[in-house]
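Notes for the one structure printed next.
There are 4 protein chains.
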Amino acid sequence: MSQVRDEAADVLVHSLDPEHPANHICTLCAKFYTLGWVTGTGGGTSIRHEDKIFIAPSGVQKEMLKPTDMFVMDFASKEYIRKPKVLKPSACTPLFLAAFTRGAGCCIHTHSQWAVLITLLVEREFGKDACFEIEEIEQIKGIPKGRGKVGNLGYFDRLRIPIIENTAHEEDLTSSLEEAMEKYPDTYAVLVRRHGIYVWGDNVHKAKTQCESIDYILQLAVEMKNLGLPWTK
Amino acid sequence: MSQVRDEAADVLVHSLDPEHPANHICTLCAKFYTLGWVTGTGGGTSIRHEDKIFIAPSGVQKEMLKPTDMFVMDFASKEYIRKPKVLKPSACTPLFLAAFTRGAGCCIHTHSQWAVLITLLVEREFGKDACFEIEEIEQIKGIPKGRGKVGNLGYFDRLRIPIIENTAHEEDLTSSLEEAMEKYPDTYAVLVRRHGIYVWGDNVHKAKTQCESIDYILQLAVEMKNLGLPWTK
Amino acid sequence: MSQVRDEAADVLVHSLDPEHPANHICTLCAKFYTLGWVTGTGGGTSIRHEDKIFIAPSGVQKEMLKPTDMFVMDFASKEYIRKPKVLKPSACTPLFLAAFTRGAGCCIHTHSQWAVLITLLVEREFGKDACFEIEEIEQIKGIPKGRGKVGNLGYFDRLRIPIIENTAHEEDLTSSLEEAMEKYPDTYAVLVRRHGIYVWGDNVHKAKTQCESIDYILQLAVEMKNLGLPWTK
Amino acid sequence: MSQVRDEAADVLVHSLDPEHPANHICTLCAKFYTLGWVTGTGGGTSIRHEDKIFIAPSGVQKEMLKPTDMFVMDFASKEYIRKPKVLKPSACTPLFLAAFTRGAGCCIHTHSQWAVLITLLVEREFGKDACFEIEEIEQIKGIPKGRGKVGNLGYFDRLRIPIIENTAHEEDLTSSLEEAMEKYPDTYAVLVRRHGIYVWGDNVHKAKTQCESIDYILQLAVEMKNLGLPWTK
Numbered sequence: 001m002s003q004v005r006d007e008a009a010d011v012l013v014h015s016l017d018p019e020h021p022a023n024h025i026c027t028l029c030a031k032f033y034t035l036g037w038v039t040g041t042g043g044g045t046s047i048r049h050e051d052k053i054f055i056a057p058s059g060v061q062k063e064m065l066k067p068t069d070m071f072v073m074d075f076a077s078k079e080y081i082r083k084p085k086v087l088k089p090s091a092c093t094p095l096f097l098a099a100f101t102r103g104a105g106c107c108i109h110t111h112s113q114w115a116v117l118i119t120l121l122v123e124r125e126f127g128k129d130a131c132f133e134i135e136e137i138e139q140i141k142g143i144p145k146g147r148g149k150v151g152n153l154g155y156f157d158r159l160r161i162p163i164i165e166n167t168a169h170e171e172d173l174t175s176s177l178e179e180a181m182e183k184y185p186d187t188y189a190v191l192v193r194r195h196g197i198y199v200w201g202d203n204v205h206k207a208k209t210q211c212e213s214i215d216y217i218l219q220l221a222v223e224m225k226n227l228g229l230p231w232t233k
Numbered sequence: 001m002s003q004v005r006d007e008a009a010d011v012l013v014h015s016l017d018p019e020h021p022a023n024h025i026c027t028l029c030a031k032f033y034t035l036g037w038v039t040g041t042g043g044g045t046s047i048r049h050e051d052k053i054f055i056a057p058s059g060v061q062k063e064m065l066k067p068t069d070m071f072v073m074d075f076a077s078k079e080y081i082r083k084p085k086v087l088k089p090s091a092c093t094p095l096f097l098a099a100f101t102r103g104a105g106c107c108i109h110t111h112s113q114w115a116v117l118i119t120l121l122v123e124r125e126f127g128k129d130a131c132f133e134i135e136e137i138e139q140i141k142g143i144p145k146g147r148g149k150v151g152n153l154g155y156f157d158r159l160r161i162p163i164i165e166n167t168a169h170e171e172d173l174t175s176s177l178e179e180a181m182e183k184y185p186d187t188y189a190v191l192v193r194r195h196g197i198y199v200w201g202d203n204v205h206k207a208k209t210q211c212e213s214i215d216y217i218l219q220l221a222v223e224m225k226n227l228g229l230p231w232t233k
Numbered sequence: 001m002s003q004v005r006d007e008a009a010d011v012l013v014h015s016l017d018p019e020h021p022a023n024h025i026c027t028l029c030a031k032f033y034t035l036g037w038v039t040g041t042g043g044g045t046s047i048r049h050e051d052k053i054f055i056a057p058s059g060v061q062k063e064m065l066k067p068t069d070m071f072v073m074d075f076a077s078k079e080y081i082r083k084p085k086v087l088k089p090s091a092c093t094p095l096f097l098a099a100f101t102r103g104a105g106c107c108i109h110t111h112s113q114w115a116v117l118i119t120l121l122v123e124r125e126f127g128k129d130a131c132f133e134i135e136e137i138e139q140i141k142g143i144p145k146g147r148g149k150v151g152n153l154g155y156f157d158r159l160r161i162p163i164i165e166n167t168a169h170e171e172d173l174t175s176s177l178e179e180a181m182e183k184y185p186d187t188y189a190v191l192v193r194r195h196g197i198y199v200w201g202d203n204v205h206k207a208k209t210q211c212e213s214i215d216y217i218l219q220l221a222v223e224m225k226n227l228g229l230p231w232t233k
Numbered sequence: 001m002s003q004v005r006d007e008a009a010d011v012l013v014h015s016l017d018p019e020h021p022a023n024h025i026c027t028l029c030a031k032f033y034t035l036g037w038v039t040g041t042g043g044g045t046s047i048r049h050e051d052k053i054f055i056a057p058s059g060v061q062k063e064m065l066k067p068t069d070m071f072v073m074d075f076a077s078k079e080y081i082r083k084p085k086v087l088k089p090s091a092c093t094p095l096f097l098a099a100f101t102r103g104a105g106c107c108i109h110t111h112s113q114w115a116v117l118i119t120l121l122v123e124r125e126f127g128k129d130a131c132f133e134i135e136e137i138e139q140i141k142g143i144p145k146g147r148g149k150v151g152n153l154g155y156f157d158r159l160r161i162p163i164i165e166n167t168a169h170e171e172d173l174t175s176s177l178e179e180a181m182e183k184y185p186d187t188y189a190v191l192v193r194r195h196g197i198y199v200w201g202d203n204v205h206k207a208k209t210q211c212e213s214i215d216y217i218l219q220l221a222v223e224m225k226n227l228g229l230p231w232t233k
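The listed protein sequences derive, respectively, from chains A, B, C and D.
Just so we're aligned: 118 in the UniProt record's numbering is position 118 of the first sequence, and the numbers increase by one with no gaps anywhere.
Just so we're aligned: 63 in the UniProt record's numbering is position 63 of the second sequence, and the numbers increase by one with no gaps anywhere.
Just so we're aligned: 137 in the UniProt record's numbering is position 137 of the third sequence, and the numbers increase by one with no gaps anywhere.
Just so we're aligned: 213 in the UniProt record's numbering is position 213 of the fourth sequence, and the numbers increase by one with no gaps anywhere.
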């Protein structure tokens, strides 16, 4: 209602195309809300489009986002070219940038409960340095082999998702996220202990469907643990 | 259909602004229904707006509320200035007023099953006097530090939510709710054993997102218990 | 598409009033589908309106019902006054009539998984003759005390829902349903082992909200069992 | 956006009738998305209509399908008569054809987590050659007795669903799917270990409702296992 807007920069977020990033982030986040990924203003989404980064703000109900809520950053200079005056930029921004620097076109951060539970189960059973590992689940085929590699993982491939420790401030996750990206150069996701997950992809379609595939696998893995079924052979 | 309305007072609930309290309570309750918070006419929501309190009625399907269903009370005199003739005022009203008296702008009462289960688990494991405690979960950062304090809880802070015993009549919860508010002056929520939870906030946005964050944490805590994972270190 | 209709009787199901029984059954069943109560054409709903009974047909996707799909029966003579030619009347009809004969205005039959699981848990732990019993859960207050009695159950009252054995043919449940109604004259619901539940109420509003309250309690009771929490003190 | 279409063949997928196969697959898949059956582009649906087969493409978000996304195959010659140029045909196509060859009018493939979990539970408890078996659950009556037989299974009949081993490539499932169809000629579904399920029916209505009934039973069976309740007597 009372949002003061930077009128000159509004053209950046006004479009009739539902796939314009400013519109797309709104429809994606509304969908993510129904999946339980962005409860209570948690989580976030960012799209890189040509030389610009579009980012959902912090502290806003994600199922209620409007295109005019978006922050827009120049990717080369990392300077905001649009800042809604009454909103706070997302603390996830440096983490999104880490993904974009490695070629991602879209990055999604969720507080999925399945992600949180998996980080706790892995810690208890395999220790703090272990990553989440699972194999022989069809949905693994929804995840690409890795940046610069052709095609997706196969059914007999083992999916590995690294886990980093949470920090008091979200932006302080950046260096350990980047380390995980270096150590697991093929990964498209990093779990954050007791917090959630970051998933990225070459474009919006891939980031969204990879995030769904991984969340499906994490939920399945929790149910398997409940039933005493092992994740690997 | 047959609802007899107090015509003179209808102007209090007629507005084209979706954020007018009479409209807002309807859209919030419809959303809460899909979250399982207000099943079978359970639960309720109230908004304080300037010098008036808007309250959803008792015994109405919460996903079907209409603005004309709202009770309106003068906050200073605690007298109803609008009473839909065929509806009953909510038995939660004195509990909502307890929150408003302490500065809240909106108060939400849910029958969330996660809330009920947590009150039973805490009683079994820590006794009747214990409150629910959890720490090192990112979503805790969605809860403010306390009335008159700046900012939200941090990741390493422990979230404590007091639990009061249920009574035969909802209005009889008032004194123990007020006691819990005195004993835990920083809390924005009170669990009611075998019943549900009251959550409030400075305004509608905060009450709604805090209620979501707390419900997320309660659900997560139940799943953790199922998997044998401890709530605190 | 190819449905042959009894044109003379169409006036019975054509109305612009959303609360006309023929319309109301459609919107109720669509809602029940999202609650998992009428999966795969299972379950059903019937409304008594003045001297007529409106009944959803058998074998139709319940979230896709149209007013013209409704069967209409004269309550006094128990003869159909409208029969959609290509549809089959519901096998639940004699069970709905048993409820209407005892004063109900609406009867809902669901295949809720919580209902099925509770019938199995009660049988294992208390034997085939036991009914489901639970106490000190706030949502119990959503259930009336019994036909001809004023008001609803209290928080300290014990809710008892009888359980009857399933039969090969749904209509063969009628006599044991009626027996359960005689033995538990205050009940507004009967569970059917390995099958689901019948819930009725004085009118549509009451049947729907009582069915929701009971389903909430059954789900909670299953979760309590998973966590080792007893249903009664 | 950039999809190059075979203009001459567009008439095959343009219709105002919501039950035209090209439209019907879109609305079905959007519903299946909300049921968790086609997460992350997984799963698929195909309809046989007269002498043509309509098939949803591979790798597309199933809740976002458009009629122009459909592949159309001539059933007699098994040649595509419409291929959207930028989309890939579904790897499920030979499996759908196996069902159509045996008289099916519609075939649905889901990645339901309940299906995956059941294949793991059956393997652990009854070995790799066992099929899933359950009895005395009312919803079993939603499944027909078998091709060429009149009517549906009864409450006292045992439902048996064969399970085949997953393969690296979906199309390589065809021969074992066909073997299972030969060995269990009455089945309308085949589970695929660690993958999901194929369900078919005489027409769209039957395939959809049978798929729902089976998924309901699989979910119930997982919950029964969690509670220590046996599937058969």
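Virtual Cβ for every residue (Gly too), placed ideally from N, Cα, C.
Beta-bridge pairing of residue i - partner residues as DSSP gives them
| i | result |
| --- | --- |
| D74(C) | K52(C) and E79(C) |
| V190(B) | Y198(B) |
| F100(D) | Paired residue(s): none; F100(D) is not in a bridge. |
| T45(C) | I108(C) |
| K88(B) | S58(B) |
| I134(D) | L159(D) |
| P144(B) | N152(B) |
Own chain, CB closer than 6 Å to residue i, minus 5 neighbours either side, in chain order
| i | result |
| --- | --- |
| Y184(D) | P162 |
| P62(B) | Before going on, a small fix: residue 62(B) reads as Lys here, not Pro. Within the same chain, K62(B) has close Cβ partners C29, Y33 and V38. |
| D202(B) | G105 |
| I108(C) | T45, V199, A207 and C211 |
| L16(A) | none |
| G43(C) | W37, H109, T110 and H111 |
Short Cβ contact (9 Å threshold) for residue i with residue j
| i | j | result |
| --- | --- | --- |
| A115(B) | L229(B) | no |
| G105(B) | V204(B) | yes |
| E133(D) | R102(D) | no |
| S90(C) | P57(C) | yes |
| N166(B) | L173(B) | yes |
| P84(C) | M64(C) | no |
| R147(D) | D186(D) | yes |
| A189(C) | I164(C) | no |
| L95(B) | I53(B) | no |
Residues of its chain near residue i, where Cβ-Cβ distance is below 7 Å and the 5 sequence neighbours each way are ignored
| i | result |
| --- | --- |
| T41(D) | G59, V60, Q61 and K62 |
| M1(A) | Residue placement at M1(A) is poorly supported in this model, since its pLDDT is 35, which falls under 50; the coordinates still yield a value, given next. The answer is none, since no qualifying residue turns up. |
| T93(B) | I55 |
| A76(D) | D51 |
| K225(A) | L121 |
Contacts around residue i, its chain only, beta-carbon distance under 8 Å, and the 5 residues preceding and following it disregarded
| i | result |
| --- | --- |
| E138(D) | Y155 |
| L120(A) | R193 and R194 |
| G151(B) | P144 and K145 |
Rounded distance between the beta-carbons of residue j and residue i, thought under 8 Å
| i | j | result |
| --- | --- | --- |
| V72(C) | V13(C) | 7 Å |
| E136(D) | K31(D) | Incorrect: roughly 29 Å between the Cβ atoms, too far for contact. |
| L191(D) | I118(D) | 7 Å |
| I81(B) | I47(B) | Wrong, their Cβ atoms sit about 15 Å apart, outside the cutoff. |
| D10(D) | T68(D) | 7 Å |
Item to check | Continuous alpha helix (DSSP H) assignments of at least 4 residues falling wholly in the region 153 to 186 of chain C | outcome: 174 to 183
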